[in-house]
Amino acid sequence: MIIEQTKIPDVIEENIDKSKIVLADNIISNIYPLFDDMYSEYLSSTSNLKNDYKKKKSELKKNKIHLEQLISELSRVKKILKLLDRIEKMISSGLVYDGSLKHETIILLKIVTKLSNEKIEFHLGNTLNTITKRFSK
Numbered sequence: 052m053i054i055e056q057t058k059i060p061d062v063i064e065e066n067i068d069k070s071k072i073v074l075a076d077n078i079i080s081n082i083y084p085l086f087d088d089m090y091s092e093y094l095s096s097t098s099n100l101k102n103d104y105k106k107k108k109s110e111l112k113k114n115k116i117h118l119e120q121l122i123s124e125l126s127r128v129k130k131i132l133k134l135l136d137r138i139e140k141m142i143s144s145g146l147v148y149d150g151s152l153k154h155e156t157i158i159l160l161k162i163v164t165k166l167s168n169e170k171i172e173f174h175l176g177n178t179l180n181t182i183t184k185r186f187s188k
């Protein structure tokens with residue numbers, strides 16, 4: 052039988068509690084650096100993930116705002132196209148050649164891109180009323 056020497060202290064029955072404490076301290080002192088390194092790596096990876104999350108969230112917010120602006124611009128352009136289609140229908144039916152309506156239509160065509168959404172809605176309704184009056188006769 053081969054006896055190997057280790058650094059583990061012998062346990063004597065007289066001081067068994069003290070021996071347990073010394074043994075536990077030795078185990079903790081040898082294993083603690085391993086856990087400490089793992090924990091610090093865990094903390095750093097967690098903080099990196101949190102930072103990435105914050106960056107992506109802010110980028111997503113910016114993209115959302117940009118898309119909302121594009122959608123509102125698209126709806127505005129669709130309204131302008133609808134207005135221009137109605138004006139084209141008025142021209143093709145000969146309604147625009149009346150005196151006051153001709154002047155009003157020319158001014159509207161010059162400033163149509165500068166109008167607010169409310170004004171565009173107003174002119175859409177106005178042209179629709181004019182067209183329906185013409186075709187209802």
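For the sequence shown, my numbering gives the first residue as 52, with consecutive numbering after it. Just so it is clear, CB atoms sit at the ideal spot from N, CA and C, and this is done for glycine as well.
Quick check on the burial criterion: 16 or more other C-beta atoms within 10 angstroms. Buried or exposed for residue i?
i    : result
T164 : exposed
H174 : buried
M141 : buried
T156 : buried
T181 : buried
Note down, in chain order, each residue of its chain lying with its Cβ closer than 8 Å to the Cβ of residue i, except the 5 sequence neighbours on either side.
i   : result
I53 : none
S98 : none
Taking Cβ to Cβ, would you say residue i is nearer than 7 Å to residue j?
i    : j    : result
R185 : L134 : no
I171 : K130 : yes
T178 : R137 : yes
Whose C-beta lies closer than 7 Å to the C-beta of residue i among residues of the same chain, with five residues either side of it excluded?
i   : result
K69 : none
Relative to the C-alpha of residue i, which residue among the options is closest?
i    : options                : result
D76  : D88, S167, M89, K58    : K58
E139 : L160, E110, L111, Q120 : L160
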